[in-house]
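**Q**
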Amino acid sequence: MSAVAVVAAVLAVAGGVGVIASRRPVRSVLSLLLTLLSLAVLFIGLGAEFIGLIQIIVYAGAVMVLFVFVISLLSAKNEPLERPVSLLPGQERWGGVAAAVLAVLLIVAGLRHAYPAARSVFDGYGAVRAFGEALFYEHVFVLQLAALLLMVAVVGVVILIARRS
Amino acid sequence: MNDLWISLVQSLILIVALLTVFAGMTLVERKLLGYFHLRVGPTRTGPWGLAQPIADAIKAFVKEDVIPAGADKFVFRLAPVISVFTALAVWSVIPVGPPVEIGGRVIPLQVADPAGGALVALAFTSLHIYGVSLAGWASQSKYSLLGAMRAAAQLISYELSMAMSILGVFMLAGSLRLADIVAAQSDVAFIWLQPVGFLIFFIAGVAEVARMPFDLPEAETELVAGYSTEYSGMRFAMFMMAEYLGMMSVSAMVTLLYLKGWHGPAFLPPVAWFLVKVAALLFVFIWLRATFVRVRYDRLMDFGWKVMLPLSFLNLVVTAAGVALWG
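Protein sequence lines correspond, in order, to chains A and B. Counting in my numbering, the first sequence runs from 176 upward without gaps. Counting in my numbering, the second sequence runs from 564 upward without gaps.
#1: DSSP three-state label for B:V629, please.
#2: Tell me whether B:G737 is buried or exposed, calling it buried when 16 or more other Cβ atoms sit within 10 Å of its Cβ.
#3: Listed in chain order, which residues of the region 701 to 722 of chain B have Cβ atoms closer than 8 Å to some Cβ of chain A?
#4: By how many angstroms is the C-alpha of B:G694 removed from the C-alpha of A:V243?
#5: Taking C-beta to C-beta, are B:L741 and B:A678 nearer than 8 Å?
#6: Starting from B:I766, trace the beta strand (DSSP E) in both directions and tell me its first and last residue.
#7: In three-state DSSP terms, what is B:I665?
#8: Going straight from the alpha carbon of B:L756 to that of A:A309, what length do you get?
#9: Would you report the Cα separation of B:V834 and B:Y821, rounded to the nearest angstrom?
#10: Run through chain A and tell me which residues come within less than 8 Å of B:S646, C-beta to C-beta.
#11: List the endpoints of the continuous alpha helix (DSSP H) containing A:L262.
#12: Could you run through the region 622 to 641 of chain B and flag, in chain order, every residue whose CB is less than 9 Å away from some CB of chain A?
#13: Are there 16 or more other CB atoms within 10 angstroms of the CB of A:E313, so buried, or fewer, so exposed?
#14: Closer than 8 Å, Cβ to any Cβ of chain A: which residues of the region 808 to 819 of chain B, in chain order?
#15: Looking at C-beta atoms only, is the number of pairs between the region 651 to 662 of chain B and the region 187 to 201 of chain A that lie closer than 8 Å three or more?
#16: Can you pull the chain B residues whose beta carbon is under 9 Å from the beta carbon of A:E313, in chain order?
#17: What residue from B:E664, B:V683 and B:G660 has the CA that sits closest to B:L672's CA?
#18: Which value, in whole angstroms, describes the spacing of the CA atoms of A:L124 and B:R607?
#19: Rounded to whole angstroms, how far is the Cβ of B:A642 from the Cβ of B:L697, which I believe are closer than 8 Å?
#20: Give a yes or no on whether the minimum CB-CB distance between A:A302 and chain B is below 8 Å.
#21: Tell me which residues share the same chain as A:V216 and place their Cβ nearer than 6 Å to its Cβ, disregarding the 5 neighbours each side in the sequence.
#22: Taking the C-alpha atoms as reference points, what is the distance between B:G827 and B:V841?
#23: Return the chain-ordered ranges of every alpha helix (DSSP H) run that is complete within the region 814 to 884 of chain B and spans a minimum of 4 residues.
#24: Taking the beta carbon of A:M239 as the centre, do at least 16 other beta carbons fall within 10 Å, making it buried, or is it exposed?
#25: Would you mind reading off the limits of the alpha helix (DSSP H) that contains A:I232?
#26: Sorted by chain position, which residues of the same chain lie with C-beta nearer than 7 Å to B:S795's C-beta, five sequence neighbours on each side aside?
#27: Per DSSP, which one or two residues make a beta bridge with B:I670?
#28: Closest Cβ-Cβ distance between A:A305 and chain B: below 8 Å?
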């Protein structure tokens, strides 16, 4: 495991903690951004260059911008929440238990080398060409289904907006 | 390890060069705007006003750095850093010329050469918006917030057309690596094969760096200075820096994607051709500023979504058909 991967992993976890620990919504968004960027670094480190870049362009560069847009409009005043509000009453402790179990499993798995050794991948694995070939030759049916799903969502949005006026 | 050192030295040279060009460009822009307006521009600081950037830099450094009382101080300080960082980072993948051989080593004239170079440039461009919108929110001023809102909507809208128009180039070149894209243009520049894509990319580029006629996030006649209203001193200068670096990277990307990059008649070395083309595009940026008035906000959005985006889709389909039939 390279130093870059360790740093990116630590930053990703720190960002995740920041999302739920921060009292200011905009800081939560910034933390989420940190997590997304760290995940992109991890993707690129694993050889999935295209996924990593798309992660930055789509999630960090577009989706999160809309988050910033909405949150900075809704909480235009820079005031922290007065007390930590529990949005999921009663679920936090179970979340903590689940996280602890998962952590134990991961550590045990890591110690035991439960994962099979990485298969030797072909040259250019994870690059745009290989990604495109997998997407448009092997998995083209799933791709079309996903496109249909997105189209339904877009039509739904248009109908909802049109109904209001 | 040696390669890492070479990259570090390259980054250092690149940053110093970019910031020097930025300083020079502020003067050139003021002089050119002066001539466009039948004025003379700065003249009092040295011959031809040459010391004006130095005077500006000293002014930015010694000016009082005001942070508004209600501001989110951390985000307020972070925003200009994000702006400058993303604007500089785009340049890490931009090749300024073919690889050169120094002392038996082949050294590429770019800091990093990933297979998805053009996508990396797009990725950093897409992150630039955080500097602007966070600055606007953290300032806790209505003008700043309005500027930030406009910036977020404008940049997202035009980024779409920008990405769509660049796809045509990818299809023609069959690669996302910027050096490959330049190599693919050794016969004919992509501007002749992709005239519509070129126009869309350049217009979207002007909108991405929020320059006249798309400078609504700043819009000094209505929003004081938009997202940067509450900034002063060096932090304000950092936003200026990001804007000029953005102009330079858009010009460099247009040069690489559509204007044959560093190819040109042999009487100039390749790097010089690259710089000449970038300089010519920067002149166009200033020319636009001197020529056009600011567009109205609703027209800006209409233009982005109803003209630019459909056109870029059409360009994509026509290019794909062309590549499939004759490629």
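Think of the CB as a built atom: it goes at the ideal place given N, C-alpha and C, for glycine as much as any other residue. As the structure is a computational prediction, the values presented were derived from the model and not from experiment.
**A** A quick look at the data gives this:
#1: Counting from 1 along the second sequence, the entry for residue 629 of chain B is found at position 66. In the displayed model, B:V629 falls within coil according to three-state DSSP, outside both helix and strand.
#2: If you number the second sequence from 1, residue 737 of chain B lands on position 174. Exposed, because fewer than 16 other Cβ atoms sit within 10 Å of the Cβ of B:G737.
#3: Within the region 701 to 722 of chain B, the residues whose Cβ lies closer than 8 Å to some Cβ of chain A are A701, Q703, L708, A711, M712, A715, A716, L718, I719 and E722, listed in chain order.
#4: In the first sequence, the residue the question calls residue 243 of chain A occupies position 68. In the second sequence, the residue the question calls residue 694 of chain B occupies position 131. Roughly 11 Å separates the two Cα atoms.
#5: Stepping through the second sequence from its first residue, residue 741 of chain B is reached at position 178. Stepping through the second sequence from its first residue, residue 678 of chain B is reached at position 115. Their beta carbons are not under 8 Å apart, which means B:L741 does not touch B:A678 by this criterion.
#6: Looking up residue 766 of chain B in the second sequence gives position 203. Not the beta strand (DSSP E): B:I766 falls in the alpha helix (DSSP H), residues P758 to E771.
#7: Position 102 of the second sequence, counting from 1, holds the residue named residue 665 of chain B. In the three-state scheme derived from DSSP, where H, G and I count as helix and E and B as strand, B:I665 is classed as strand.
#8: As a working mapping, residue 756 of chain B is identified with position 193 in the second sequence. As a working mapping, residue 309 of chain A is identified with position 134 in the first sequence. Going from the Cα of B:L756 to the Cα of A:A309 covers about 29 Å.
#9: Numbered from its first residue, the second sequence carries residue 834 of chain B at position 271. Numbered from its first residue, the second sequence carries residue 821 of chain B at position 258. Near 16 Å, if we compare the C-alpha coordinates of B:Y821 and B:V834.
#10: Counted from its first residue, the second sequence places residue 646 of chain B at position 83. Think of a sphere of 8 Å around the beta carbon of B:S646: no beta carbon from chain A falls inside it, the nearest being about 14 Å out.
#11: Working through the first sequence from its first residue, we reach residue 262 of chain A at position 87. In the DSSP annotation of this structure, A:L262 is not part of any alpha helix (DSSP H), being labelled neither H nor E.
#12: If the cut-off is 9 Å between Cβ atoms, the region 622 to 641 of chain B has G633, A634, D635, F637, V638 and L641 near chain A.
#13: For the purposes of this step, residue 313 of chain A is taken as the residue at position 138 of the first sequence. Answer is exposed; the Cβ neighbour count stays below 16.
#14: So nothing in the stretch comes that close.
#15: The answer is no - the region 187 to 201 of chain A does not touch the region 651 to 662 of chain B, with fewer than three Cβ pairs under 8 Å.
#16: What you label residue 313 of chain A is simply residue 138 of the first sequence in a count that begins at 1. Neighbours of A:E313 on chain B: none; closest Cβ ~20 Å, over 9 Å.
#17: Counting from one through the second sequence, the residue named residue 672 of chain B turns up at place 109. Out of B:E664, B:V683 and B:G660, B:G660 has the C-alpha closest to the C-alpha of B:L672.
#18: What is shown of chain A runs 176 to 340, which leaves residue 124 of chain A out entirely.
#19: What you label residue 642 of chain B is simply residue 79 of the second sequence in a count that begins at 1. What you label residue 697 of chain B is simply residue 134 of the second sequence in a count that begins at 1. Approximately 4 Å separates the beta-carbon atoms of B:A642 and B:L697; this is inside 8 Å, confirming the contact.
#20: Translated into the one-based positions of the first sequence, residue 302 of chain A becomes position 127. Judged by the 8 Å Cβ criterion, A:A302 is in contact with chain B.
#21: Your numbering for residue 216 of chain A matches position 41 in the first sequence. A183, listed in sequence order.
#22: Translated into positions along the second sequence, residue 827 of chain B becomes position 264. Translated into positions along the second sequence, residue 841 of chain B becomes position 278. Between the C-alpha atoms of B:G827 and B:V841 there is a straight-line separation of about 13 Å.
#23: Qualifying alpha helix (DSSP H) stretches, in chain order: 833 to 854 and 860 to 865.
#24: Residue mapping note: residue 239 of chain A aligns to position 64 of the first sequence, counting from 1. By the 10 Å Cβ count, A:M239 comes out buried.
#25: Counting from one through the first sequence, the residue named residue 232 of chain A turns up at place 57. For A:I232, there is no enclosing alpha helix (DSSP H), as DSSP gives it neither H nor E.
#26: Position 232 of the second sequence holds residue 795 of chain B. Excluding sequence neighbours, B:S795 sits near K626, E627, D628 and V629.
#27: The residue you call residue 670 of chain B lines up with position 107 of the second sequence. Residue pairing of B:I670 in beta bridges, as defined by DSSP: B:V663.
#28: The residue given as residue 305 of chain A occupies position 130 in the first sequence. Taking 8 Å as the threshold, the shortest C-beta distance from A:A305 to chain B does not fall below it.
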